[in-house]
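In terms of the working numbering, the sequence shown opens at residue 2 and continues consecutively. We put the beta carbon where it would ideally sit given N, CA and C, even for glycine. Bear in mind the structure is a predicted one, so any value in this text is a computation, not a measurement.
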Amino acid sequence: MPMVGHIAQTGQIVATDFRAGNVSPNTDNLGFIKTCQDALPKGTNIKKLRIDAAGYQASIIDYCFENDIEFSIRAKMCQSLKDILVDKDNQWQPLVDKKGKAIDGQATFRMRHFMGDKGKVFDLIVQRSVVTGQVELELGIRLRLKLKQ
């Protein structure tokens with residue numbers, strides 16, 4: 002699975018890594034981030050990082066904190082997150098669009114979270130959506146959201 006590091010504002014490619022198809026997507030993501038940093042002109046540093054769920058790793062989060070990099074990392078739902086969320090039903094907030102209007106059938110939950118050796122605290126934002134015909138999520142949380150018919 003290929004990895005491509007690029008500058009969001011210009012679309013310029015900083016680095017690529019075309020790996021064999023049997024390599025796990027989460028293999029050496031931190032190494033690739035460092036490769037991207039090394040490819041930038043001297044005196045230029047990565048300031049923001051956006052990465053998919055393969056990058057939800059303690060080593061990457063620690064690296065971002067150590068190097069003052071703002072980050073947004075998608076995380077797949079896992080049992081440890083489900084265990085945290087199961088008691089948070091009353092703390093879900095409507096997901097709002099750019100105009101501040103609630104999006105029907107979608108909600109977010111925000112909490113302070115940590116992982117990694119240093120235990121740095123960061124904001125964890127969970128988003129959920131109603132699926133037509135779905136009464137209850139795997140979490141066992143009953144949805145109290147209106148769904149347009």
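Using 10 angstroms around the beta-carbon of residue i, count the other beta-carbons present and answer buried if the total reaches 16, otherwise exposed.
| i | result |
| --- | --- |
| Ile-8 | exposed |
| Lys-147 | In this prediction, Lys-147 has a pLDDT of 47, which is less than 50 and means its spatial position is unreliable; nothing more can be read from the coordinates. |
| Gly-6 | buried |
| Ile-126 | exposed |
| Gln-150 | Low local confidence applies: a pLDDT of 39 at Gln-150 is under 50, so the model's placement there is unreliable, and no value is given. |
| Asn-23 | exposed |
| Met-112 | exposed |
| Met-4 | buried |
| Ala-21 | exposed |
| Ile-14 | exposed |
| Ile-104 | exposed |
| Cys-37 | buried |
Could you give the C-beta distance for residue i and residue j, rounded to a whole number, given that I count them as a contact under 8 Å?
| i | j | result |
| --- | --- | --- |
| Ala-54 | Ala-16 | Not confirmed; about 20 Å, so no contact. |
| Tyr-57 | Ile-34 | Going by Cβ atoms, the distance from Tyr-57 to Ile-34 rounds to 13 Å, so no, they are not a contact pair. |
| Lys-49 | Glu-67 | So it is not a contact: roughly 15 Å between Cβ atoms. |
Starting from residue i, follow the alpha helix (DSSP H) in both directions and report where the run begins and ends.
| i | result |
| --- | --- |
| Ser-25 | That residue, Ser-25, is in no alpha helix (DSSP H); it is neither H nor E in DSSP. |
| Ile-85 | 80 to 86 |
| Ile-34 | 30 to 40 |
Thinking just about the alpha-carbon of each residue, which of the options is nearest to the one in residue i?
| i | options | result |
| --- | --- | --- |
| Asp-124 | Val-131, Phe-110 and Val-132 | Phe-110 |
| Val-131 | Asp-29, Pro-42, Pro-95 and Leu-86 | Pro-95 |
| His-114 | Ile-62, Gly-12 and Pro-26 | Ile-62 |
| Leu-31 | Lys-102, Arg-51 and Lys-99 | Arg-51 |
| Ala-152 | Ala-108, Asn-27 and Asn-46 | With the chain represented from 2 up to 150, any question about residue 152 goes unanswered, as that position is not in the structure. |
State the start and end residues of the unbroken beta strand (DSSP E) segment that holds residue i.
| i | result |
| --- | --- |
| Ile-14 | 14 to 19 |
| Met-4 | 3 to 7 |
| Asp-105 | 103 to 115 |
| Gln-94 | 94 to 97 |
#### Entry: Every unbroken alpha helix (DSSP H) inside the region 50 to 74 [4 residues or more]
59 to 67
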